[in-house]
Structure formats: structure tokens, C-alpha cells
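Protein chains in written order, with the working numbering: chain P, 1 to 113; chain X, 114 to 222.
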Amino acid sequence: DAMVIQNPRYQVTQFGKPVTLSCSQTLNHNVMYWYQQKSSQAPKLLFHYYDKDFNNEADTPDNFQSRRPNTSFCFLDIRSPGLGDAAMYLCATSRGDSGETQYFGPGTRLLVL
Amino acid sequence: QQPVQSPQAVILREGEDAVINCSSSKALYSVHWYRQKHGEAPVFLMILLKGGEQKGHEKISASFNEKKQQSSLYLTASQLSYSGTYFCGTEIGDDKIIFGKGTRLHILP
């Protein structure tokens, strides 16, 4: 049973063309996270939602936005993708209390041409 | 703020043991360990909470020394399936995990 689902698994976009990645969860978790992971690097937190409260990391570029219309879904919007935005984008969820496990989706690999 | 992992890479023969260390400059609420295989998402291994504890999961166990702000992951009698990159993630009590740079583990038959 899939718990954290990401679509699409692979996304190809053109330089400067907006793209949206989606994440959904069946765990009813309060918190949803978006990470960016480049090759051979650690996952880097972009932002997270605690319920409807949006928390942006200080070094996340303005080019990255997020929406969470309901508990189950969260979207990552890249307004004007650059070549440097090519990466794996990971969505994760947790109950939200400190010390809780984060459950990762399979990721979306983004290629920018 | 990013935790420091050591070593960066390990090559073992099947059946050998390995230790991966993770240290932080900040007081920690919890330490999370994940394993990631190439092209896949990180898979949760275990979480250790402040208070100092040790946990085990088959032949993979971990310890957390809250005072030293350190955690270690122990892999005993390694199997080929243990190959991958191991990440420690540290939490300082704000619901966020900051991941270390990872330790690449390669098991030879």
C-alpha cells in the first residue's frame, strides 16, 4: 500500500518553463516536507507545512513555491526552472511531533533542458 | 548546523562489520538513520531520542550519546543488500531533520 505518492516519477521541462510536482499521502500526517537532492549530496530541506502553516527555509530560492490545498496533497512549483534545478525532489511526511519518523515518497527526478 | 558523518565511504567484504559515526555541534532532540540506494528514496532505519539509548534492528543497531551529541550506526555481519548511502539526520526539536552528507557503503561478495 503506497503511503506517500509522488507524481510524476520523471519530469522533463525546458529552461524557464514552469513545472509542478505533486505529492499525496494516505497517512493523514500533519506535516509534509519537500527536499531537493542533487547527485551524491544529502537531501536539502526546501520548506515544510505543519497543517496549513508554511515554513520556508532561509536559503530556499524564491523560484520555489509550494501549495497545500488539503491534508493529503502538497505541490512544489518551480516558476522558472534553471539548469541548476535539475535534481531529485523528495516529498516526506510525519505526524509532526518532535522525534517522529519521516516517511519519504519515491521522488520525482527533474531534468531541465 | 549540518551534522558531520564519518567515514565518507567504506568498502567491506560480505560478513564484515562497519561503524558509521554522526556528530553535531548542536544539542539534539533525536537522530534519524536512513539508507538510500542509487536512484531511490531514503528508507527509514531507526530513530533515537534524547535520553541516550541504543536500538537494534536485526544486524543493524545504533547508539546515541546525548552529552557528546553523537550517534553511531553499527552494521554487523554485513550483507550485499546493505550497500548504499547511509544518512544520519539530526533534529533539534523543531520538527525538521538536517541530513549529513552521507556515508557510502559498498559490500563486496
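C-beta: ideal position from N, C-alpha, C; glycine also. Quick caveat: nothing in here was measured; it's all calculated off a predicted structure.
Residue i classed as buried or exposed, judged by whether at least 16 other C-beta atoms fall within 10 angstroms
{"i": "Leu-110 of chain P", "result": "buried"}
{"i": "Pro-8 of chain P", "result": "exposed"}
{"i": "Phe-177 of chain X", "result": "buried"}
{"i": "Met-3 of chain P", "result": "exposed"}
{"i": "Arg-148 of chain X", "result": "buried"}
{"i": "Pro-116 of chain X", "result": "buried"}
{"i": "Val-12 of chain P", "result": "exposed"}
{"i": "Val-19 of chain P", "result": "buried"}
{"i": "Glu-57 of chain P", "result": "exposed"}
{"i": "Leu-193 of chain X", "result": "exposed"}
{"i": "His-151 of chain X", "result": "exposed"}
Whole-Å CB distance - residue i paired with residue j, under 8 Å assumed
{"i": "Leu-45 of chain P", "j": "Tyr-33 of chain P", "result": "6 Å"}
{"i": "Leu-90 of chain P", "j": "Pro-43 of chain P", "result": "6 Å"}
{"i": "Asp-208 of chain X", "j": "Gly-96 of chain P", "result": "6 Å"}
Chain P within 9 Å of residue i, Cβ atoms only
{"i": "Gln-115 of chain X", "result": "yes"}
{"i": "Gly-197 of chain X", "result": "no"}
{"i": "Asp-130 of chain X", "result": "no"}
{"i": "Glu-204 of chain X", "result": "yes"}
{"i": "Glu-153 of chain X", "result": "yes"}
{"i": "Ile-133 of chain X", "result": "no"}
{"i": "Lys-150 of chain X", "result": "no"}
Own chain residues within Cβ distance below 7 Å of residue i, not counting five before or after
{"i": "Ser-24 of chain P", "result": "Ile-5, Ser-72, Phe-73"}
{"i": "Leu-158 of chain X", "result": "Trp-146, Tyr-147, Arg-148, His-170, Ile-173"}
{"i": "Pro-120 of chain X", "result": "Thr-216"}
{"i": "Gly-107 of chain P", "result": "Gln-6, Met-88, Tyr-89, Leu-90"}
{"i": "Ile-78 of chain P", "result": "Pro-18, Val-19, Asn-63, Phe-64, Asp-85"}
{"i": "Gly-206 of chain X", "result": "Tyr-142"}
Minimum Cβ-Cβ distance from residue i to chain X less than 9 Å
{"i": "Ser-22 of chain P", "result": "no"}
{"i": "Leu-90 of chain P", "result": "yes"}
{"i": "Thr-101 of chain P", "result": "yes"}
{"i": "Gln-36 of chain P", "result": "no"}
{"i": "Phe-104 of chain P", "result": "yes"}
Close beta carbons around residue i, own chain, < 6 Å, minus the five adjacent residues each side
{"i": "Gly-215 of chain X", "result": "Thr-198, Phe-200"}
{"i": "Asp-51 of chain P", "result": "Asn-30"}
{"i": "Phe-212 of chain X", "result": "Phe-200, Gly-202"}
{"i": "Lys-38 of chain P", "result": "Ala-87"}
Chain B within 9 Å of residue i, Cβ atoms only
{"i": "Ser-143 of chain X", "result": "Among the protein chains of the structure shown, namely P and X, there is no chain B."}
Close Cβ partners of residue i (< 8 Å) along its chain, the five nearest in sequence each way excluded
{"i": "Ala-122 of chain X", "result": "Thr-216, Arg-217, Leu-218, His-219"}
{"i": "Ser-94 of chain P", "result": "His-29, Asn-30, Val-31, Tyr-33, Glu-100, Thr-101, Gln-102, Tyr-103"}
Q) Using a Cβ cut-off of 7 Å, which residues of the stretch 155-189 of chain X contact any Cβ in chain P, in chain order? A) If the cut-off is 7 Å between Cβ atoms, the stretch 155-189 of chain X has Pro-155, Phe-157, Ile-160, Leu-162 near chain P.
Q | Within 9 Å of chain X by C-beta, residues of the stretch 43-69 of chain P in sequence order | A | Taking 9 Å as the Cβ-Cβ cut-off, the stretch 43-69 of chain P approaches chain X at Pro-43, Lys-44, Leu-45, His-48, Tyr-50, Asn-55, Glu-57, given in chain order.
Q: Check distances from the C-beta atoms of the stretch 5-29 of chain P to those of chain X and list, in chain order, the residues that come in under 7 Å.
A: The stretch 5-29 of chain P vs chain X, Cβ under 7 Å: nothing.
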